[in-house]
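FYI, our numbering numbers position 261 of the sequence shown as 274, with every residue one higher than the one before it.
The C-beta atom is built at its ideal place from N, Cα and C for all residues, glycine as well.
For reference, the structure is listed below as structure tokens.
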Amino acid sequence: MDSRTFGLLRKYDVPVPRYTSYPTVPYWEPETLQSNSWQGSVRSTFESTKGEVSLYIHLPYCESLCSFCACNKRITKDHRVEDPYIEALLSEWRLYTELLPSKPRLVEVHLGGGTPTFFSPQNLERLVRGLLKSAEPAAERQWSVEVHPNVTTRDHIATLSDLGFRRISLGVQDFDPQVQRVINRVQSVEQTKLVCDWARELGFQSVNVDLVYGLPHQTTSSVELTMAALEPLRPDRFAYYSYAHVPWKSKIQRLYTEEDLPSADQKWEMVQCCLSLMEGQGYLPIGMDHFALPDDPLFQSAAKGELHRNFMGYTTKPSPLLIGLGASSISDSYLAFVQNEKSIDLYEQRVRAGEWPQITGHVLDPEDLLLRGQILNLMCRQRTVVPWDALEPPFRAAALAKLASLEADELVELHGDEIRVTALGKLFVRNISSPLDARLWRKQRRENQFSRSI
14 MDSRTFGLLR KYDVPVPRYT SYPTVPYWEP ETLQSNSWQG SVRSTFESTK
64 GEVSLYIHLP YCESLCSFCA CNKRITKDHR VEDPYIEALL SEWRLYTELL
114 PSKPRLVEVH LGGGTPTFFS PQNLERLVRG LLKSAEPAAE RQWSVEVHPN
164 VTTRDHIATL SDLGFRRISL GVQDFDPQVQ RVINRVQSVE QTKLVCDWAR
214 ELGFQSVNVD LVYGLPHQTT SSVELTMAAL EPLRPDRFAY YSYAHVPWKS
264 KIQRLYTEED LPSADQKWEM VQCCLSLMEG QGYLPIGMDH FALPDDPLFQ
314 SAAKGELHRN FMGYTTKPSP LLIGLGASSI SDSYLAFVQN EKSIDLYEQR
364 VRAGEWPQIT GHVLDPEDLL LRGQILNLMC RQRTVVPWDA LEPPFRAAAL
414 AKLASLEADE LVELHGDEIR VTALGKLFVR NISSPLDARL WRKQRRENQF
464 SRSI
């Protein structure tokens, strides 16, 4: 990487949102969400999509704690927790199906965690069949699951395949033994390959591998080792995330210090190394952090301009109504957001009592909706046309000044009202989106609200 690019990386290595939503969660205004606003927005969006629904189901249990992870989870080896949690999920789903005017068609179902395969194959089947008692699979469905290879059996994969799941995501992070030890994620290449082979044998059509760069003690040699081990597995997709060091949020990250972490320059050496290796193996970039083979549906969706981004990450088509079930899950009706109780115990108690389990949310105002569309365009299509006259003058002036600076650094091209992200700018798409974040501009929260962009 040349010195100029390194200079830009240093300049733009600042805390910015990942924009899985707009407004981002720290800037939600819960007071906008009156008692019936969420339910009304769900019904309205459901009718506009002719009954299509995407489901995210949070399964928060893990048997061991990975120190790099900042997700909402509970660590236990007591599998008696499975039954009451599944009952709570199905009870929350009944709140939605009783609200909707007709039977929903499930276009997307994503099992996330935690570790979804912490749950037994029998309980995963019980969960999905319970959902389908009051819903039906869409004709062209996209059902996916995240798995930890260490706790995933062939019976898990077979059961999920029989239920209609065709996409699987394997957490790898890094195969370097020293890195694995410090993040408490010791996982062999052999076990990872076994789960990948089972998935393909049993009908899964897309295998994704999650990698993380910037982990403690990680080096470019770690990246080379990991990519060499994965090459024979030939995943269809990669997700390559920057490690988010947020010890004020995830206390387990205090087991190591920032001195154990690679510098920004070292991180981007890893990125360039990995990108070069991926390119050599035929993978092409999609949006931010994602790469796929040219015949993968996610790449084809991006090529057609149909890529969408939500709390599940990138998806192959727009999903205006995303219902999140489970502790801490976030739902999105496009007109509003809500988030469930983060405490598993409180979540289960409220749902058992027949209550909606949300603790916070936000109803989007006209400006939010306009800017949400602009940021989605930048994140998914690397271009947008901004109706500047619809934005208030002080914010418009601030945004245009920031964009002019980005253009001077050759990260964007401005053509009248159009913003185009350059090839170099794709590395900085979070920074490019942030000038259009009016709530960030107005409130200027403290620096550690978000992870750094690098």
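Original post:
residue 149: buried (16+ other C-beta within 10 angstroms of its C-beta) or exposed?
Top reply: Per the 10 Å Cβ criterion, exposed.
Residues that residue 410 bridges to, as DSSP identifies them:
For residue 410, no pairing in a beta bridge is given by DSSP.
Where are the beta strand (DSSP E) runs, 3 residues long or more, that stay fully inside the region 309-354, in chain order? Fully enclosed beta strand (DSSP E) runs of 3 or longer: 321-323, 326-328, 335-338, 343-345 and 349-353.
Secondary structure at residue 113, three-state DSSP: helix, strand or coil?
In the three-state reduction of the DSSP assignment, residue 113 falls in the coil class, being assigned neither a helical nor a strand state.
Applying the 10 Å Cβ sphere with the 16-neighbour rule, what's the burial state of residue 86? Buried is the call here.
Reduced DSSP category for residue 8 - H, G, I as helix; E, B as strand; rest coil: Residue 8 cannot be examined here, being either before or after the span of the chain that is shown, 14 to 467.
Limits of the unbroken beta strand (DSSP E) element including residue 230: For residue 230, no beta strand (DSSP E) run applies, since DSSP gives it neither H nor E.
Report the rounded CA-to-CA distance for residue 55 versus residue 272, giving the unit in angstroms. Approximately 47 Å, taken between the alpha carbons.
Pick from 108, 170, 130 and 69 that is closest to residue 120, judged by C-alpha positions
Ranking the options by Cα distance to residue 120, first place goes to 69.
- Task: Report the rounded CA-to-CA distance for residue 246 versus residue 372, giving the unit in angstroms.
- Result: Using only the alpha carbons, I get a separation of about 42 Å.
*asked:* Could you check whether residue 113 and residue 59 sit closer than 8 Å to each other, using their CB atoms as the reference points?
replied: Their beta carbons are under 8 Å apart, which means residue 59 touches residue 113 by this criterion.
On a CA-only basis, which of 248, 178, 423 and 232 is nearest residue 206? Give me that one, please. Nearest C-alpha to residue 206: 248.
*asked:* Between the alpha carbons of residue 344 and residue 357, how many angstroms are there, rounded?
replied: Whole-angstrom Cα-Cα distance: 17 Å.
Is any heavy atom in the ligand ZN found nearer than 7 Å to the beta carbon of residue 114?
Within the structure as shown, the ligand ZN is missing, as the structure has no ligands at all.
Start and end of the beta strand (DSSP E) containing residue 397? Residues 396-398.
Original post:
With 16 as the cutoff for other CB atoms within 10 Å, does residue 340 come out buried or exposed?
Top reply: The residue is buried, with at least 16 neighbouring Cβ atoms inside 10 Å.
message = Strictly by DSSP, which residues pair up with residue 373?
response = As computed with DSSP, residue 373 is found in a beta bridge with 352.
message: Alpha carbons only, please: which of 199, 137, 191 and 145 is nearest the one belonging to residue 169?
response: Nearest C-alpha to residue 169: 137.
Point to revise | Selection from 238, 352, 429 and 327 that minimises the alpha carbon distance to residue 389 | key: Measuring from the Cα of residue 389, the nearest candidate turns out to be 327.
Start-end ranges of the alpha helix (DSSP H) lying completely within the region 262-296, minimum 4 residues = With a minimum length of 4 residues, the continuous alpha helix (DSSP H) runs that stay inside the region 262-296 are 277-293.
Exercise for the section: Would you grab the beta carbon distance between residue 443 and residue 23 for me? Rounded to a whole angstrom, and I think it's under 8 Å. Expected result: A Cβ-Cβ separation of about 15 Å leaves residue 443 out of contact with residue 23 under the 8 Å criterion.
**Whole-angstrom distance between residue 93 and residue 315, CA atom to CA atom** = Whole-angstrom Cα-Cα distance: 42 Å.
request  = Can you grab the Cα-Cα spacing for the pair residue 37 / residue 45, in whole Å?
outcome  = One C-alpha to the other measures close to 15 Å.
Notebook entry, point to check: So, using beta-carbon positions, are residue 253 and residue 209 closer together than 8 Å?
Noted result: Inclusion of residue 253 and residue 209 in the CB contact set at 8 Å is not warranted, their separation being larger than that value.
Next on the checklist: Using CA atoms only, rank isn't needed, just tell me which of 91, 25, 185 and 229 is closest to residue 270.
Outcome noted: Measuring from the Cα of residue 270, the nearest candidate turns out to be 229.
### Task
Assuming residue 250 and residue 219 form a contact by the criterion Cβ under 8 Å, report the distance between their Cβ atoms to the nearest whole angstrom.
Correct: roughly 6 Å between the Cβ atoms.
Own chain partners of residue 459 with C-beta closer than 8 Å, once the 5 adjacent residues on each side are dropped:
Note on residue 459: pLDDT 43, under 50, position unreliable in the model; no value is reported.
Quiz item: Any idea which residues DSSP pairs residue 156 with across the strands?
Solution: 122, per the DSSP bridge assignment.
- Query: Where does residue 184 fall in DSSP's three states?
  - Reply: Reduced to three states, the DSSP call for residue 184 is strand.
Going by the beta-carbon positions, is the gap between residue 164 and residue 217 smaller than 8 Å? In this structure, residue 217 does not lie closer than 8 Å to residue 164 by Cβ.
On the CB-based measure, 16 or more other CB atoms within 10 Å of its CB, does residue 428 come out buried or exposed?
Around the CB of residue 428, fewer than 16 other CB atoms lie within 10 Å, so the residue is classed as exposed.
Practice item. May I have the straight-line CA-CA distance separating residue 63 from residue 109, to the nearest angstrom? Key: Spanning the two alpha carbons is a distance of roughly 16 Å.
_Beta bridge counterpart(s) of residue 2 as assigned by DSSP_ = Residue 2 is absent from the structure shown; the chain starts at 14 and stops at 467.
Which listed residue (98, 335, 185 and 151) has its alpha carbon closest to that of residue 161
Of the listed residues, the one whose Cα sits closest to residue 161 is 185.
Query raised in the report: Going by Cα to Cα distance, which pick from 107, 101, 382 and 238 is closest to residue 350?
Result: Nearest C-alpha to residue 350: 382.
Exercise. Can you grab the Cα-Cα spacing for the pair residue 189 / residue 204, in whole Å?
Key: Whole-angstrom Cα-Cα distance: 15 Å.
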